[in-house]
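Enquirer: By full-length UniProt numbering, the letter at position 243 of the first sequence is numbered 243, and the numbering carries on one by one without gaps. Below is a structure I'd like to ask you about.
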Amino acid sequence: MIRKTTTNKSSPRNQHSNIWRNCTNFRTLKQIHALMIVNGFNSNQYALRELIYASAIAIPSAIHYAHQLFDKISEPDLFMWNTMLRGSAQSSKPSTTLPLYARMEKCCIKPDSYTFPFVLKACTRICWVTSGKIIHGKVVKYGFEWNKFTRNTLIYFHANCGEMRIARALFDDMAKRDVVAWSAMTAGYAKRGDLSMARRLFDEMPSKDLVSWNVMITGYVKQGEMESARELFDMVPKRDVVTWNAMISGYVLCREYQRAFEMHEEMRSAGEYPDEVTMLSLLSACADSGALDVGEKLNSSILEMDEGALSIVLGNALIDMYAKCGSIKKAVQVFRGMKEKDVTSWNSILAGLAFHGHPEECIILFEEMRRTKFVPNEITFTGVLVACSHAGKVDAGRGYFNLMKNEYKILPNIRHFGCMVDMLGRAGLVEEAFEFIDTMEIKPNGIIWRTLLGACKIHGNVELGRRANEALLKLEHDESGDYVLLSNIYALKGEWDGVEKVRKLMDDSGVKKEAGYSLIDSANQAFLHFLLDSKCQIPSGNRTIKSVKGKNMESVM
DNA sequence: GTAGGGTTAG
Numbered sequence: 001m002i003r004k005t006t007t008n009k010s011s012p013r014n015q016h017s018n019i020w021r022n023c024t025n026f027r028t029l030k031q032i033h034a035l036m037i038v039n040g041f042n043s044n045q046y047a048l049r050e051l052i053y054a055s056a057i058a059i060p061s062a063i064h065y066a067h068q069l070f071d072k073i074s075e076p077d078l079f080m081w082n083t084m085l086r087g088s089a090q091s092s093k094p095s096t097t098l099p100l101y102a103r104m105e106k107c108c109i110k111p112d113s114y115t116f117p118f119v120l121k122a123c124t125r126i127c128w129v130t131s132g133k134i135i136h137g138k139v140v141k142y143g144f145e146w147n148k149f150t151r152n153t154l155i156y157f158h159a160n161c162g163e164m165r166i167a168r169a170l171f172d173d174m175a176k177r178d179v180v181a182w183s184a185m186t187a188g189y190a191k192r193g194d195l196s197m198a199r200r201l202f203d204e205m206p207s208k209d210l211v212s213w214n215v216m217i218t219g220y221v222k223q224g225e226m227e228s229a230r231e232l233f234d235m236v237p238k239r240d241v242v243t244w245n246a247m248i249s250g251y252v253l254c255r256e257y258q259r260a261f262e263m264h265e266e267m268r269s270a271g272e273y274p275d276e277v278t279m280l281s282l283l284s285a286c287a288d289s290g291a292l293d294v295g296e297k298l299n300s301s302i303l304e305m306d307e308g309a310l311s312i313v314l315g316n317a318l319i320d321m322y323a324k325c326g327s328i329k330k331a332v333q334v335f336r337g338m339k340e341k342d343v344t345s346w347n348s349i350l351a352g353l354a355f356h357g358h359p360e361e362c363i364i365l366f367e368e369m370r371r372t373k374f375v376p377n378e379i380t381f382t383g384v385l386v387a388c389s390h391a392g393k394v395d396a397g398r399g400y401f402n403l404m405k406n407e408y409k410i411l412p413n414i415r416h417f418g419c420m421v422d423m424l425g426r427a428g429l430v431e432e433a434f435e436f437i438d439t440m441e442i443k444p445n446g447i448i449w450r451t452l453l454g455a456c457k458i459h460g461n462v463e464l465g466r467r468a469n470e471a472l473l474k475l476e477h478d479e480s481g482d483y484v485l486l487s488n489i490y491a492l493k494g495e496w497d498g499v500e501k502v503r504k505l506m507d508d509s510g511v512k513k514e515a516g517y518s519l520i521d522s523a524n525q526a527f528l529h530f531l532l533d534s535k536c537q538i539p540s541g542n543r544t545i546k547s548v549k550g551k552n553m554e555s556v557m
């Protein structure tokens with residue numbers, strides 16, 4: 001048995017209403033909605049409040065439905081607006097919160113003390129610094145800066161987005177600092193890697209609760225300081241699932257998979273139930289270590305949860321785990337069996353096929369994806385281009401590369417270029433690969449030149465090989481002399497693991513990765529106008545959202 | 001009906 005992360009919280013009103021108390025899943029929700037329409041309650045304000053609450057908060061998977069319902073309500077009240085903001089902020093798409101708030105302002109609905117904590121939570125989750133600062137201004141304008149909840153959320157926002165000075169000023173200027181404010185500051189220092197400052201706050205806190213302990217433990221875990229984390233873990237007066245998850249994810253991060261698995265056993269013995277997050281950590285441990293047997297057991301546990309309803313994230317993690325453990329058939333089976341999928345589900349299976357010996361199937365499945373509503377992203381194309389490279393399909397690869405740029409407006413990143421160079425090099429088109437590098441909008445990194453160098457060796461092109469080698473040496477001399485030195489030291493000692501680590505470090509940091517851009521859709525126009533109204537400078541025509549590592553980042557304006 | 005901690009794809 002594992003417990004689901006999201007609990008179905010009931011509003012006080014729900015407790016008085018049997019029909020809503022029984023509304024615990026999407027199907028029932030739709031039935032109740034149908035009953036409302038049939039019985040003429042679909043314009044009753046209280047019934048609508050319940051309906052919005054159930055779809056936006058109580059049943060997290062229904063948030064999309066909540067948005068559709070909400071759009072049809074002619075004059076939603078403040079409670080409904082706040083409920084929608086709350087639901088959006090905690091959903092998988094927090095970026096929908098700000099356009100919603102902008103619409104609220106446009107409708108001349110005055111916010112109350114509940115409004116801003118939700119909006120700020122969204123800004124924090126997606127690190128929308130500029131928008132969050134504008135919201136901070138609104139908080140002051142409407143006079144909520146002294147509201148305890150709002151102020152704590154503001155501190156958390158600034159601390160989490162790297163503005164420790166602002167967070168500190170807000171914190172110092174508080175009449176009564178509660179444990180939430182202390183924990184927010186501790187988390188902020190820990191996040192920027194200042195563990196000694198974080199620890200000082202943690203030790204100075206007048207009182208600590210479970211969350212403060214978890215914040216400090218997580219701080220150590222994120223910096224790989226597992227010994228300190230363990231020390232606190234042994235000292236903590238009470239543990240919850242988050243405490244266990246922090247430790248498990250820490251051991252996975254520092255590749256101590258066996259310890260992570262042992263922690264999981266220990267956790268169950270202590271009577272704590274794993275949740276979705278525990279499972280995600282453990283599945284990634286299986287994927288990285290090839291522990292198929294453990295992965296299969298986890299799969300069984302997951303299926304016991306919630307009458308076998310598999311969440312999208314867990315389905316995605318299972319696909320990845322099976323693919324990386326060499327069980328590609330099981331990976332496809334999980335993918336096919338998923339009732340709901342997202343773009344990550346497609347990316348997981350496409351990458352699984354591409355990287356584990358099934359490039360043709362990857363390409364076929366990608367064509368299937370294009371026939372669905374799912375829009376591929378930059379990660380999708382990494383998988384597809386790898387598949388073309390491994391299958392030797394040069395024409396298809398060139399086609400998909402252009403499709404990505406022209407149809408989906410995705411700027412190719414260093415991995416995409418790497419795939420193309422690899423593909424051309426493998427096919428013996430070394431000269432074309434060289435010309436291709438010349439056309440790159442971003443500076444080639446070590447991987448690109450090494451790939452080309454390898455191809456030149458195989459195909460016996462001495463002249464181009466020499467040029468690739470020169471470029472590689474120049475790059476390493478210019479940008480990563482220390483890394484090379486370090487790498488050589490490892491190599492001298494025969495520590496090839498170290499060589500690989502340094503090389504990875506070089507390739508990850510040596511090249512400035514350009515962010516991909518995508519257009520804000522028309523639904524977000526209200527948000528744009530909101531930003532413009534807020535005297536935020538946006539150069540004309542620069543209506544962009546940056547997409548970095550799959551996460552939407554707001555424009556830097 | 002409000003705030004803080006843990007998370008999957010290259």
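Idealized CB from N, CA, C, for every residue including glycine. On a predicted model such as this, the values are computed, not experimentally measured, just so you know.
Excluding sequence positions up to five away, which residues of its chain have a Cβ less than 7 angstroms from the Cβ of residue 79?
Expert: Excluding residues within five positions, the ones whose Cβ falls inside 7 angstroms are 49.
Enquirer: Check each candidate in 287, 394, 124 and 63 and name the one with the smallest Cα separation from residue 84.
Expert: Taking only the C-alpha atoms, the option nearest residue 84 is 63.
Enquirer: Using DSSP with H/G/I as helix, E/B as strand and the rest coil, what is residue 345?
Expert: Here residue 345 sits in helix by DSSP.
Enquirer: Rounded to whole angstroms, what's the CA-CA distance from residue 335 to residue 303? Just pull it up for me.
Expert: Roughly 14 angstroms separates the two Cα atoms.
Enquirer: Counting Cβ pairs, one atom from each stretch, are 3 or more of them under 8 angstroms apart for the segment 318–328 and the segment 280–293?
Expert: Result yes; three or more Cβ-Cβ pairs closer than 8 angstroms.
Enquirer: Have a look at 466, 343 and 153 and flag the residue whose alpha-carbon is nearest the alpha-carbon of residue 123.
Expert: Per the Cα distances, 153.
Enquirer: Short of 6 angstroms in beta carbon distance, which residues of its chain neighbour residue 348, apart from the five on each side in sequence? Order them along the chain.
Expert: Around residue 348: 316, 319 and 320.
Enquirer: Using 10 angstroms around the beta-carbon of residue 18, count the other beta-carbons present and answer buried if the total reaches 16, otherwise exposed.
Expert: Exposed, since its Cβ has fewer than 16 Cβ neighbours within 10 Å.
Enquirer: Do residue 394 and residue 369 come within 8 angstroms of each other at the CB atom, strictly closer than that value?
Expert: Going by C-beta atoms, residue 369 is not nearer than 8 angstroms to residue 394.
Enquirer: Helix, strand or coil for residue 41 per DSSP?
Expert: Three-state DSSP puts residue 41 in coil, outside helix and strand.
Enquirer: Between which two residues does the alpha helix (DSSP H) harbouring residue 62 extend?
Expert: Counting along the chain, residue 62 falls outside any alpha helix (DSSP H), and DSSP gives it neither H nor E.
Enquirer: What did DSSP end up calling residue 357 once you bin it into helix, strand or coil?
Expert: If DSSP states are grouped into helix, strand and coil, residue 357 belongs with coil.
Enquirer: Using DSSP with H/G/I as helix, E/B as strand and the rest coil, what is residue 24?
Expert: Three-state DSSP puts residue 24 in coil, outside helix and strand.
Enquirer: Starting from residue 107 and walking both ways along the alpha helix (DSSP H), at which residues does that stretch end?
Expert: Looking at the DSSP string, residue 107 is not in any alpha helix (DSSP H), and its letter there is neither H nor E.
Enquirer: Would you grab the beta carbon distance between residue 346 and residue 374 for me? Rounded to a whole angstrom, and I think it's under 8 angstroms.
Expert: Right, the Cβ-Cβ distance comes to about 6 angstroms (below 8 angstroms), so this counts as a contact.
Enquirer: Need the endpoints of the alpha helix (DSSP H) that residue 421 sits in, please.
Expert: Unbroken alpha helix (DSSP H) run through residue 421: 414–426.
Enquirer: In angstroms with no decimal places, state the Cα-to-Cα distance between residue 409 and residue 44.
Expert: Residue 409 and residue 44: Cα-Cα distance of roughly 44 angstroms.
Enquirer: Determine the closest residue to residue 450 out of 425, 312 and 226, with distance taken between C-alpha atoms.
Expert: Looking at the Cα atoms, 425 is the closest of the given residues.
Enquirer: Leaving out five residues before and five after residue 104 in sequence, what residues of the same chain have Cβ atoms less than 6 angstroms from its Cβ?
Expert: 81, listed in sequence order.
Enquirer: What would DSSP say about residue 144, mapped onto helix, strand or coil?
Expert: Here residue 144 sits in coil by DSSP.
Enquirer: Less than 8 angstroms between C-beta atoms, sequence neighbours within five positions excluded: which residues of the same chain meet that for residue 396?
Expert: 363 and 388, listed in sequence order.
Enquirer: DSSP state of residue 192, grouped into three classes?
Expert: Correct three-state label for residue 192: coil.
Enquirer: Assign residue 127 to one of three DSSP states: helix, strand, or coil.
Expert: Coil.
Enquirer: Where residue 142 and residue 46 are concerned, what is the direct C-alpha to C-alpha distance, given to the nearest angstrom?
Expert: Those two C-alpha atoms are separated by around 27 angstroms.
Enquirer: Under the assumption that residue 282 contacts residue 264 (Cβ atoms under 8 angstroms), give the Cβ distance between them as a whole number of angstroms.
Expert: Sure, about 6 angstroms apart at Cβ, within 8 angstroms.
Enquirer: For the segment 150–169 against the segment 198–205, are there 3 or more C-beta pairs whose distance is under 8 angstroms?
Expert: The segment 150–169 is not in contact with the segment 198–205.
Enquirer: Can you tell which of 418, 138, 194 and 458 has its C-alpha closest to the C-alpha of residue 448?
Expert: Checked all of 418, 138, 194 and 458; the closest Cα to residue 448 is 418.
Enquirer: Between which two residues does the alpha helix (DSSP H) holding residue 96 run?
Expert: Counting along the chain, residue 96 falls outside any alpha helix (DSSP H), and DSSP gives it neither H nor E.
Enquirer: For residue 457, report the span of its alpha helix (DSSP H) as first-last.
Expert: Segment 446–458, the alpha helix (DSSP H) holding residue 457.
Enquirer: Do residue 212 and residue 182 have their CB atoms nearer than 8 angstroms?
Expert: In this structure, residue 182 lies closer than 8 angstroms to residue 212 by Cβ.
Enquirer: Pick out whichever of 272, 245 and 271 has its Cα sitting closest to the Cα of residue 259.
Expert: Of 272, 245 and 271, the residue nearest in Cα terms is 245.
Enquirer: Let me make sure I understand the geometry here. Which of 39, 65 and 36 has the alpha-carbon closest to that of residue 25?
Expert: Of 39, 65 and 36, the residue nearest in Cα terms is 65.
Enquirer: According to DSSP, is residue 461 helix, strand or coil?
Expert: It is coil, neither helix nor strand.
Enquirer: Closest by CA to residue 208, which one among 222, 384, 232 and 193?
Expert: For the residues 222, 384, 232 and 193, the minimum Cα distance to residue 208 belongs to 232.
Enquirer: What three-state label does DSSP hand residue 561 in the structure shown?
Expert: Nothing about residue 561 can be read from this structure; the chain reaches only from 1 to 557.
Enquirer: Going by other Cβ atoms of all chains shown within 10 Å of its Cβ, with 16 needed for buried, is residue 298 buried or exposed?
Expert: Flag for residue 298 reads buried.
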